[in-house]
Structures are given as C-alpha cells and as structure tokens.
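Just so you know, we're using my numbering here: the sequence shown kicks off at 4 and counts up by one.
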Amino acid sequence: MIDCHVHLWDPARGFPWIRPGSEHHHTFDEADLERSGNGLGLAGSVLVEASRGDVGETLVLHGLRVRRPDLVAGYVANLHVHGDGGPARFRELLDETGEARPNGMRLGGATWADTPEAARALVPVLAGAGTVLELNLHRDALTAAADAADAHPGLTVVVDHLGNPPDPRTPESGEWFRAVERAAARPGVVVKISGLLTQHPGLPRDRVTALVRHVVDTLGPDRCLIGSDWPICLPRGSRSDSLAVSRLGLDHLTAPDRERILHSTAVRVYGLRS
C-alpha cells in the first residue's frame with residue numbers, strides 16, 4: 004500500500020494554523036513517520052505540504068524525497084507560495100529539481116475563487132509539465148476539479164478527502180453525490196479517499212462506506228487513491244485506524260481492483276518510482 008496523504012511539521016518553523024497547546028503542536032519528523040507505519044505493509048508514503056507558509060517547505064520536502072526514497076515515495080508541495088515568482092520562475096523550479104521534482108502541487112481554500120489568483124496562474128505550467136494539481140477546497144472541490152480539467156487538457160487533478168463531503172445525513176449531501184458523477188465524466192479527475200476519520204467523527208460506518216463506495220464505483224479504481232491524513236488524524240485515532248476507515252467501501256471489489264486503489268493508481272497518477 005502507498006499512503007498518499009501524510010504530513011510532517013515543526014511548529015517552530017512556521018505552520019501558523021497549529022495552535023499552541025493543541026494536540027498537533029509538536030514536531031512530527033521522518034522518524035515519527037517511519038514508526039507510525041510499522042506493521043502496516045506500506046511501500047511508501049506521499050508527503051503533502053502542511054501550509055508552512057514559505058518556499059522553504061518545498062525544499063524540505065524535496066530534501067526528504069532525495070534522502071529517504073525508502074520512506075518517501077513522492078511529495079506534493081504548496082502552490083500558493085510560488086505564485087509571487089510567476090510562471091517562468093515556477094517552471095525553472097520544476098526543471099531545477101530534476102527527477103525529484105514535486106509529484107504534485109496543492110491549492111487550498113474555501114472555494115476555487117478564494118485561492119490566490121497568482122497561484123492559479125501557475126496551473127498551465129503544471130499541465131505542461133505533467134505535474135498533478137491537488138485541490139483541498141472546503142466547498143465545491145469536485146466541481147472545481149472538473150472545471151480545471153476542462154480548461155487545461157492533459158492536466159491531472161487530485162481531489163483531497165473525497166472532496167470534503169457534507170454529512171451524508173443532511174440534505175446538502177445530495178449535491179456532493181451529483182458532483183462525484185460530474186467529476187467522473189472528466190478523465191483527468193482523481194479522488195483521494197482520505198480525511199474521513201478526521202472530518203466525520205462518530206459517523207456510522209455504513210454511512211462512511213456509502214461515501215467511499217459511491218466514489219469508487221462512479222470513478223473506478225484507476226481514479227482513486229488512499230491516504231491516512233496522518234498526523235492530523237491523531238486526535239481521532241492512529242494512522243492504522245485512519246487507513247482502516249479509508250478502506251471502508253472497498254470490500255466488494257476484486258483483489259486486483261483493490262490493489263489499484265492501494266498502490267498502482269498512485270504510482271501512475273503521481274509518477275512514482277515505487
């Protein structure tokens with residue numbers, strides 16, 4: 004299995020969203036990442052930026068990828084922090100990092116319109132370089148992914164955390180189910196099964212299973228990834244617990260289809276060597 008969504012951070016070096024005294028307010032480093040994966044049968048992990056707030060985080064992730072290829076299969080850096088340099092400088096950065104260039108760049112915010120315009124201007128560079136655009140939007144992530152895929156032929160867009168669905172017991176969930184179907188019509192959109200333990204605490208297992216199964220059955224195993232969201236998940240459970248929740252809704256699949264979601268789709272989508 005490749006865990007496609009893990010983070011590392013040191014609050015002393017930035018990460019303003021981490022509040023002092025919170026359960027996340029201490030350092031999580033590569034040794035912690037390695038220990039958290041013991042016994043899970045992992046072939047590697049994809050590091051995802053954690054909003055440190057500067058270009059230095061991209062360099063840290065790059066360094067970890069180069070130094071620990073046994074642990075880090077790939078990394079997704081922050082697109083926001085490269086916006087001020089403009090498209091030409093961003094293209095140079097991708098070229099300079101060579102074979103260890105970012106496997107994806109993440110754009111986050113409340114909605115697509117709330118993301119920085121300068122960061123959105125870099126998306127054509129991603130499309131040209133064959134680098135994944137990753138979206139973590141609080142609302143309408145699946146719709147934004149479909150629109151981006153339409154606007155930039157050849158672009159692969161990975162949507163984090165199932166597109167942040169609302170509680171499936173509420174009327175608002177109907178729009179999410181329809182958005183999954185619209186995204187499925189765009190071959191460039193891929194959905195990451197992650198964040199469920201964190202975002203839906205206490206949701207009955209059958210409801211979680213329904214969310215996952217709808218995504219998997221609608222997009223297919225060649226367009227789904229799995230991730231733990233470690234260590235953000237820790238207030239709710241371990242990395243193993245989080246991956247177990249992410250795997251709900253996969254039991255009806257054949258063994259080869261499960262293997263695609265757990266491993267080979269990540270290799271193809273992110274261009275991993277694992």
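All residues carry an ideal CB built from backbone N, CA and C; glycine is no exception.
Same chain, Cβ closer than 7 angstroms to Leu251, five either side skipped, listed in chain order = Locating residue 251 in the sequence shown gives position 248, counting from the first residue. The beta carbon of Leu251 sits closer than 7 angstroms to those of Arg208, Val211, Thr212, Val215, all from its chain and outside the five residues before and after it, given in chain order.
Can you tell which of Ala124, Ser249, Val193 has the C-alpha that lies nearest to the C-alpha of Gly223?
-> Along the sequence shown, one-based indexing puts residue 223 at 220. Considering only alpha carbons, the answer is Val193.
If you scan the stretch 53–105 from start to end, which runs of the beta strand (DSSP E) of 3 or more residues do you find wholly inside it?
-> Taken in chain order, the whole beta strand (DSSP E) runs of length 3 or more contained in the stretch 53–105 are 75–81.
Distance, Leu237 Cα to Leu228 Cα = Locating residue 228 in the sequence shown gives position 225, where the first residue counts as 1. Locating residue 237 in the sequence shown gives position 234, where the first residue counts as 1. One C-alpha to the other measures close to 20 angstroms.
Answer yes or no: do Ile235 and His83 have a C-beta to C-beta separation smaller than 8 angstroms?
-> Taking the sequence shown and counting its residues from 1, one reaches residue 235 at position 232. Taking the sequence shown and counting its residues from 1, one reaches residue 83 at position 80. At a Cβ-Cβ threshold of 8 angstroms, Ile235 and His83 do not count as neighbours.
Asp98 to Asp225, Cα distance in whole Å?
-> In the sequence shown, the residue the question calls residue 98 occupies position 95. In the sequence shown, the residue the question calls residue 225 occupies position 222. Counting only the Cα atoms, Asp225 lies some 28 angstroms from Asp98.
Who pairs with Cys227 in a beta bridge, going by DSSP?
-> Taking the sequence shown and counting its residues from 1, one reaches residue 227 at position 224. DSSP output for Cys227 lists Val194 as bridge partner(s).
In chain order, which alpha helix (DSSP H) runs of at least 4 residues are fully inside the stretch 234–277?
-> If only complete runs of 4 or more residues are kept, the stretch 234–277 shows the alpha helix (DSSP H) at 242–249, 258–262, 268–273, in order along the chain.
May I ask you to check if the CB of Arg242 is nearer than 7 angstroms to at least one heavy atom of the ligand NAP?
-> Although the ligand NAP was asked about, the structure shown includes no ligands whatsoever.
Tell me whether Thr118 is buried or exposed, calling it buried when 16 or more other Cβ atoms sit within 10 Å of its Cβ.
-> Stepping through the sequence shown from its first residue, residue 118 is reached at position 115. By the Cβ neighbour-count rule, Thr118 is buried, with 16 or more other Cβ atoms within 10 Å of its own.
Do you know offhand how far Leu43's Cα is from Met4's?
-> Position 40 of the sequence shown, counted from the first residue, corresponds to residue 43. Position 1 of the sequence shown, counted from the first residue, corresponds to residue 4. Linking Leu43 to Met4 through their CA atoms gives a straight-line distance of about 8 angstroms.
Gly274 and Asn81 closer than 8 angstroms at C-beta = For the purposes of this step, residue 274 is taken as the residue at position 271 of the sequence shown. For the purposes of this step, residue 81 is taken as the residue at position 78 of the sequence shown. No, they are not a contact pair.
Beta strand (DSSP E) segments (min. 3 residues) lying fully within the stretch 7–58 = The stretch 7–58 contains these whole beta strand (DSSP E) runs: 47–51.
Quick one: using the 10 Å Cβ neighbour count with 16 as the cut-off for buried, is Leu62 buried or exposed?
-> Residue mapping note: residue 62 aligns to position 59 of the sequence shown, counting from 1. In the assembly as shown, Leu62 is an exposed residue. Its beta-carbon has fewer than 16 other beta-carbons within 10 Å.
Touching by the beta-carbon criterion (3+ pairs, under 8 angstroms), the stretch 88–98 and the stretch 46–56 | Touching, no, given that fewer than three Cβ pairs across the two stretches are closer than 8 angstroms.
Between Asp163 and His29, which are expected to be in contact by the criterion C-beta below 8 angstroms, what is the C-beta distance as a whole number of angstroms?
-> The residue you call residue 163 lines up with position 160 of the sequence shown. The residue you call residue 29 lines up with position 26 of the sequence shown. Taking 8 angstroms as the upper bound for CB-CB distance, Asp163 and His29 are not in contact here, some 24 angstroms apart.
Top-ranked residue by Cα proximity to His141, from Gly131, Val126, Thr257, Pro169 | Start at 1 with the first residue of the sequence shown, and residue 141 comes out as number 138. The shortest C-alpha separation from His141 is found at Pro169.
Buried versus exposed, by CB contacts within 10 Å (16 or more), Gly230 = Taking the first residue of the sequence shown as position 1, residue 230 is located at position 227. In summary, Gly230 is buried, with 16 or more beta-carbon neighbours lying within 10 Å of its beta-carbon over all protein chains present.
Ala152, buried or exposed, once every other Cβ within 10 Å from all chains shown has been counted against 16 = As a position in the sequence shown, residue 152 is number 149, starting the count at 1. Flag for Ala152 reads buried.
Would you please state the rounded distance, in angstroms, between the beta carbons of Leu67 and Val58? I believe it to be under 8 angstroms.
-> Stepping through the sequence shown from its first residue, residue 67 is reached at position 64. Stepping through the sequence shown from its first residue, residue 58 is reached at position 55. Their Cβ separation, rounded to whole angstroms, is 15 angstroms, which puts Leu67 and Val58 out of contact at 8 angstroms.
Buried or exposed: where does Glu60 fall if 16 or more other Cβ atoms within 10 Å of its Cβ makes it buried?
-> Here residue 60 refers to the residue found at position 57 when the sequence shown is read from its first residue. That one is buried.
Range covered by the beta strand (DSSP E) that runs through Arg109 | What you label residue 109 is simply residue 106 of the sequence shown in a count that begins at 1. Segment 107–112, the beta strand (DSSP E) holding Arg109.
Should Ser197 be labelled buried (16 or more other beta-carbon atoms within 10 Å of its own) or exposed?
-> One-based indexing of the sequence shown puts residue 197 at position 194. It counts as buried.
CB-CB length for Arg109 against Val79, believed under 8 angstroms = Position 106 of the sequence shown, counted from the start, is the residue given in the question as residue 109. Position 76 of the sequence shown, counted from the start, is the residue given in the question as residue 79. So it is a contact: roughly 5 angstroms between Cβ atoms.
With DSSP run on the structure shown, which of helix, strand or coil describes Leu125?
-> Residue 125 sits at position 122 when you count from the first residue of the sequence shown. Reduced to three states, the DSSP call for Leu125 is coil.
How would you call Ala34, buried or exposed, if buried means at least 16 neighbouring beta carbons within 10 angstroms?
-> Walking along the sequence shown from the start, residue 34 turns up at place 31. Ala34 is classed as exposed because its beta carbon has fewer than 16 other beta carbons within 10 Å across all chains shown.
Assuming Ile264 contacts Val218 under a Cβ cut-off of 8 angstroms, what Cβ separation, rounded to an integer in Å, is found between them?
-> Working through the sequence shown from its first residue, we reach residue 264 at position 261. Working through the sequence shown from its first residue, we reach residue 218 at position 215. With a Cβ gap of about 10 angstroms, Ile264 and Val218 do not count as contacting.
Three-state secondary structure assigned by DSSP to Glu184 = In the sequence shown, the residue the question calls residue 184 occupies position 181. It is helical.
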